[in-house]
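*Asks:* Just passing along the structure, written as structure tokens.
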Amino acid sequence: APVILWFRKDLRLDDNGALTAAAQSGRPVICVYIREPESERTGPLGGAQAWWLHHSLSALLKSVEAIGGQLLLRSGKAADVLRKLAEQTGSDRVLFNRHYERDDLDAEIIAALQEDRIEVKRFKGQLLHDPHSMRTGTGGSYRVYTPFWKALDRDGDPREPLDPPKKISSSLINLETEVLKDWDLLPKNPNWAAEFDRIWTPGEKGAWTKLAAFTKKPIQTYKKDRDFPGLGDATSNLSPHLAFGEISPARVWFATRQLGEFANADIIHFRKELVWREFSYHLLASFPQLPVKNWNDKFDRFPWSKNRDGFTAWTRGMTGYPIVDAGMRQLWRHGYMHNRVRMITASFLIKDLMIDWRQGEAWFRDTLVDADVASNAANWQWVAGSGADAAPFFRVFNPILQGEKFDPDGSYVREFVPELAKLDNKYIHRPFDAPLDVLARAGVKLGTTYPNPVVDHFTARDHALAAYAEVTGRS
Ligand code: FAD
Numbered sequence: 007a008p009v010i011l012w013f014r015k016d017l018r019l020d021d022n023g024a025l026t027a028a029a030q031s032g033r034p035v036i037c038v039y040i041r042e043p044e045s046e047r048t049g050p051l052g053g054a055q056a057w058w059l060h061h062s063l064s065a066l067l068k069s070v071e072a073i074g075g076q077l078l079l080r081s082g083k084a085a086d087v088l089r090k091l092a093e094q095t096g097s098d099r100v101l102f103n104r105h106y107e108r109d110d111l112d113a114e115i116i117a118a119l120q121e122d123r124i125e126v127k128r129f130k131g132q133l134l135h136d137p138h139s140m141r142t143g144t145g146g147s148y149r150v151y152t153p154f155w156k157a158l159d160r161d162g163d164p165r166e167p168l169d170p171p172k173k174i175s176s177s178l179i180n181l182e183t184e185v186l187k188d189w190d191l192l193p194k195n196p197n198w199a200a201e202f203d204r205i206w207t208p209g210e211k212g213a214w215t216k217l218a219a220f221t222k223k224p225i226q227t228y229k230k231d232r233d234f235p236g237l238g239d240a241t242s243n244l245s246p247h248l249a250f251g252e253i254s255p256a257r258v259w260f261a262t263r264q265l266g267e268f269a270n271a272d273i274i275h276f277r278k279e280l281v282w283r284e285f286s287y288h289l290l291a292s293f294p295q296l297p298v299k300n301w302n303d304k305f306d307r308f309p310w311s312k313n314r315d316g317f318t319a320w321t322r323g324m325t326g327y328p329i330v331d332a333g334m335r336q337l338w339r340h341g342y343m344h345n346r347v348r349m350i351t352a353s354f355l356i357k358d359l360m361i362d363w364r365q366g367e368a369w370f371r372d373t374l375v376d377a378d379v380a381s382n383a384a385n386w387q388w389v390a391g392s393g394a395d396a397a398p399f400f401r402v403f404n405p406i407l408q409g410e411k412f413d414p415d416g417s418y419v420r421e422f423v424p425e426l427a428k429l430d431n432k433y434i435h436r437p438f439d440a441p442l443d444v445l446a447r448a449g450v451k452l453g454t455t456y457p458n459p460v461v462d463h464f465t466a467r468d469h470a471l472a473a474y475a476e477v478t479g480r481s
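Numbering (UniProt numbering), first residue to last: 7 to 481.
Here you go:
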């Protein structure tokens, strides 16, 4: 009897435990990807990720074919689709890789399959370590990153990645499959993803190309350069590939092992970032409501503002603060935003506009190609100060100083806010302070060609801190 291999957010052949086991079983393998209906738990697939999924699946269809298999596309509830497929093919075994963010959904699917006497086998690979198995000395879960990192570091390397199978034997039965194009994952009018093609190559090959480019050079100066958005490819850009499981974190980790016997500070810093991803999943495992509820319930009383105009200005990159606007426009144009600028824009939404972090989280989920349940929620709560091991609320990012420090020549702002491109370095992060003749020379007319600030940062900051003091009883 054939085995069924269910691909999910592990759209790769390399280091794919379930696929390797299926190949080694010697039985015919039926590969399937299921487009599941939106559920409360998984939420809708964001627009940017829908674009990515289309291209990633089209790459996977080809690579499965290249090893002798066929990838079926089906829609419906996973348990129903898998049961039907098992019935059609006489299969009695379903294999898939574990995805911690949907453990509860998976438990129901497994129970349904077992009712039909279908054996289910799950494999690891989404993370370096099982988030449930990481325990503090007293047996609890970690709330603070540094001891988490130290524990992981003490354990040494994670397990070695598996090589991709060279061949799988395919089922000879002719099975119906849906057509990817009919899933309508790509944007139509307007095609807001026009620039994505230039930057991203979804799929396993694209992931390996990014990894090779990054380990060749940028990793050598990662620690110093990673905070400067204007430097372009100073970071790995692997996040969407990791989010879709086109490359495994173990593969990325071992690529850094091969760079030399001893890891230098840059390599270690990069590994630490990979471990922030692990830590986010660890937090999610111990607090599954992380994307929707404040970790620190004191924040439940925070007087968030509706501020619809402020939210619209933020999403469009029209706040009047150049670094914030550049970030939000990069997000729209590339489906991605530099990490430093994610922190600045998130802080601006929460602390300058006093808008609930969950609104920002949802906007990022819809627009980021790397949107990830655990990392997105953990980072938003980190910025809000409501999370575990979060930045204290009173540490408010000043968008002017952040811009001047991390985009000193304004190249990032000039790229994404072209209407300011001709402004002197001195004023590129504070056009509202520029004398009229300087603005005129640069062709900038505040309130016409570029907005006036939607709020005064210093007044807004005091307002946010006062609200914070009230809910926490601290001043
Ligand atoms: P690199 O610097 O090359 O880092 C390597 C990998 O480490 C990344 O690909 C990512 O998987 C992981 N990583 C790095 N920083 C973090 C971090 N702070 N938290 C968790 N993992 C990290 N990252 C996502 O993958 N998905 C999200 O939805 C997401 N939302 C975010 C929201 C906010 C408000 C903030 C401040 C950060 C968010 N991040 C998210 C984290 C981080 O910004 C991105 O992972 C990073 O910018 C991706 O670029 P890179 O692949 O070049 O990273």
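For every residue, glycine included, the Cβ atom is placed at its ideal position computed from N, Cα and C.
Bridge partners of residue 487, per DSSP?
*Replies:* The question about residue 487 has no answer, for the chain in this structure spans 7 to 481.
*Asks:* Three or more C-beta pairs closer than 8 Å, one from the stretch 245–260 and one from the stretch 203–219: is that the case here?
*Replies:* Result yes; three or more Cβ-Cβ pairs closer than 8 Å.
*Asks:* Could you check whether A383 and L290 sit closer than 8 Å to each other, using their CB atoms as the reference points?
*Replies:* Walking along the sequence shown from the start, residue 290 turns up at place 284. Walking along the sequence shown from the start, residue 383 turns up at place 377. Closer than 8 Å, so yes.
*Asks:* Identify, in the order they occur along the chain, each residue of the same chain with its Cβ nearer than 6 Å to the Cβ of P8, setting aside the five sequence neighbours on each side.
*Replies:* Position 2 of the sequence shown holds residue 8. Counting only Cβ-Cβ distances below 6 Å, and skipping sequence neighbours, we find R33, P34, I36, T95, S97 and S177.
*Asks:* According to DSSP, what are the bridge partners of E125?
*Replies:* Numbered from its first residue, the sequence shown carries residue 125 at position 119. DSSP, once it has assigned bridges, lists R99 as partnering E125.
*Asks:* Need the endpoints of the alpha helix (DSSP H) that F13 sits in, please.
*Replies:* On the sequence shown, position 7 is the one that residue 13 refers to. Segment V9 to F13 is the beta strand (DSSP E) holding F13; no alpha helix (DSSP H) there.
*Asks:* Give me, in chain order, the residues of the same chain whose beta-carbon lies closer than 8 Å to that of K428; leave out the 5 immediate sequence neighbours on both sides.
*Replies:* Position 422 of the sequence shown, counted from the first residue, corresponds to residue 428. R447, A448, G449 and V450.
*Asks:* With a cut-off of 6 Å, give the chain-ordered residues whose Cβ is closer than this to any heavy atom of ligand 1.
*Replies:* Those satisfying the condition are, in chain order, R232, T241, S242, N243, L244, S245, L248, A249, E279, L280, W282, R283, S286, N345, R348, M349, A352, F370, L374, D376, A377, D378, S381, N382, N385, W386 and V389.
*Asks:* DSSP on S311, reduced to helix/strand/coil?
*Replies:* For the purposes of this step, residue 311 is identified with residue 305 of the sequence shown, where counting begins at 1. Looking at S311 - three-state DSSP - the assignment turns out to be coil, as it is neither helix nor strand.
*Asks:* Name the one or two DSSP bridge partners that Y456 has.
*Replies:* Reading the sequence shown from its first residue, position 450 is the one you call residue 456. Answer is L452, bridged to Y456.
*Asks:* So what does DSSP say about V35, is it helix, strand or coil?
*Replies:* By one-based count along the sequence shown, residue 35 stands at place 29. The answer is strand: DSSP assigns V35 an E or B state.
*Asks:* Using only alpha-carbon positions, find the residue among A390, G209, D372 and Q336 that is nearest to I356.
*Replies:* Reading the sequence shown from its first residue, position 350 is the one you call residue 356. Selected option, being the one with the closest Cα: A390.
*Asks:* Skipping 5 residues on each side, what residues in its chain have a beta carbon closer than 7 Å to that of V460?
*Replies:* Numbered from 1 along the sequence shown, position 454 holds the residue referred to as residue 460. Answer for V460: G316, A319, T325 and G326, listed in chain order.
*Asks:* S176 bridges to which residues according to DSSP?
*Replies:* Reading the sequence shown from its first residue, position 170 is the one you call residue 176. Paired residue(s): V35.
*Asks:* Taking the Cβ atom as the reference point for each residue, do R104 and R128 lie within a distance shorter than 8 Å?
*Replies:* Taking the first residue of the sequence shown as 1, we reach residue 104 at position 98. Taking the first residue of the sequence shown as 1, we reach residue 128 at position 122. Closer than 8 Å, so yes.
*Asks:* Round the Cβ separation of S81 and F250 to the nearest angstrom and send it over; I've been treating them as touching at under 8 Å.
*Replies:* As a first step, residue 81 must be located in the sequence shown, where it is residue number 75. As a first step, residue 250 must be located in the sequence shown, where it is residue number 244. Not really, about 19 Å apart at Cβ, beyond 8 Å.
*Asks:* Report the residue from L168, K223 and P153 whose alpha carbon sits nearest the alpha carbon of F285.
*Replies:* The residue given as residue 285 occupies position 279 in the sequence shown. Out of L168, K223 and P153, P153 has the C-alpha closest to the C-alpha of F285.
*Asks:* Could you tell me if F234 is buried or exposed, where buried requires 16 or more neighbouring beta carbons within 10 angstroms of its beta carbon?
*Replies:* Walking along the sequence shown from the start, residue 234 turns up at place 228. When all chains shown are included, F234 counts as buried.
*Asks:* Determine the burial state of D16: buried for a count of at least 16 other Cβ atoms within 10 Å of its Cβ, exposed for fewer.
*Replies:* As a first step, residue 16 must be located in the sequence shown, where it is residue number 10. Under this definition D16 is a buried residue.
*Asks:* Is the beta carbon of E121 sitting closer than 8 Å to the one on K83?
*Replies:* Numbered from its first residue, the sequence shown carries residue 121 at position 115. Numbered from its first residue, the sequence shown carries residue 83 at position 77. It is not a contact, given that the beta carbons lie outside the stated cut-off.
*Asks:* Which term fits E367, buried or exposed, when burial requires 16 or more other beta carbons within 10 angstroms of its beta carbon?
*Replies:* As a position in the sequence shown, residue 367 is number 361, starting the count at 1. Answer is buried; the Cβ neighbour count reaches 16.
*Asks:* In angstroms, rounded to a whole number, what distance separates the CA positions of F438 and S417?
*Replies:* Walking along the sequence shown from the start, residue 438 turns up at place 432. Walking along the sequence shown from the start, residue 417 turns up at place 411. In a straight line, the C-alpha of F438 is about 19 Å away from that of S417.
*Asks:* Compute the Euclidean distance between the alpha carbons of A59 and K68, then round it to the nearest angstrom.
*Replies:* Here residue 59 refers to the residue found at position 53 of the sequence shown. Here residue 68 refers to the residue found at position 62 of the sequence shown. Correcting the residue type first, residue 59 is Leu in the shown sequence and not Ala. Taking the straight line joining both Cα atoms gives about 14 Å.
*Asks:* Which value, in whole angstroms, describes the spacing of the CA atoms of A396 and Q387?
*Replies:* Start at 1 with the first residue of the sequence shown, and residue 396 comes out as number 390. Start at 1 with the first residue of the sequence shown, and residue 387 comes out as number 381. Their Cα atoms are separated by approximately 7 Å.
*Asks:* Once DSSP output is grouped into helix, strand and coil, what is the label at L337?
*Replies:* Reading the sequence shown from its first residue, position 331 is the one you call residue 337. Here L337 sits in helix by DSSP.
*Asks:* Could you spell out where the alpha helix (DSSP H) holding I350 opens and where it closes?
*Replies:* The count along the sequence shown starts at 1 and reaches residue 350 at position 344. Where I350 is concerned, the enclosing alpha helix (DSSP H) stretches over N345 to S353.
*Asks:* Could you have a look at Y342 and say whether DSSP puts it in helix, strand or coil?
*Replies:* In the sequence shown, residue 342 corresponds to position 336, counting from 1. Three-state DSSP puts Y342 in coil, outside helix and strand.
*Asks:* Determine, using beta carbons only, whether D272 and K229 come nearer to each other than 8 Å.
*Replies:* Position 266 of the sequence shown, counted from the first residue, corresponds to residue 272. Position 223 of the sequence shown, counted from the first residue, corresponds to residue 229. In contact: D272 and K229 (Cβ atoms closer than 8 Å).
*Asks:* Would A377 pass as a contact of E107 if the rule is Cβ separation under 8 Å?
*Replies:* What you label residue 377 is simply residue 371 of the sequence shown in a count that begins at 1. What you label residue 107 is simply residue 101 of the sequence shown in a count that begins at 1. For A377 and E107, no; Cβs fall outside 8 Å.
*Asks:* Can you check whether the CB of N313 is closer than 8 Å to the CB of M343?
*Replies:* Locating residue 343 in the sequence shown gives position 337, counting from the first residue. Locating residue 313 in the sequence shown gives position 307, counting from the first residue. No, Cβ-Cβ distance for M343 and N313 is not below 8 Å.
*Asks:* Compare the Cα-Cα distances from H340 to each of R436, N302 and W198 and report the closest residue.
*Replies:* Counting from 1 along the sequence shown, the entry for residue 340 is found at position 334. Measuring from the Cα of H340, the nearest candidate turns out to be W198.
*Asks:* Taking only the alpha-carbon atoms, compute the straight-line gap between A240 and L191 and give it to the nearest angstrom.
*Replies:* If you number the sequence shown from 1, residue 240 lands on position 234. If you number the sequence shown from 1, residue 191 lands on position 185. Spanning the two alpha carbons is a distance of roughly 30 Å.
*Asks:* Just to confirm my understanding: we take I205, look at its own chain, exclude 5 residues before and 5 after, and list those with CB closer than 6 Å. What are they?
*Replies:* Stepping through the sequence shown from its first residue, residue 205 is reached at position 199. Contacts found: H340.
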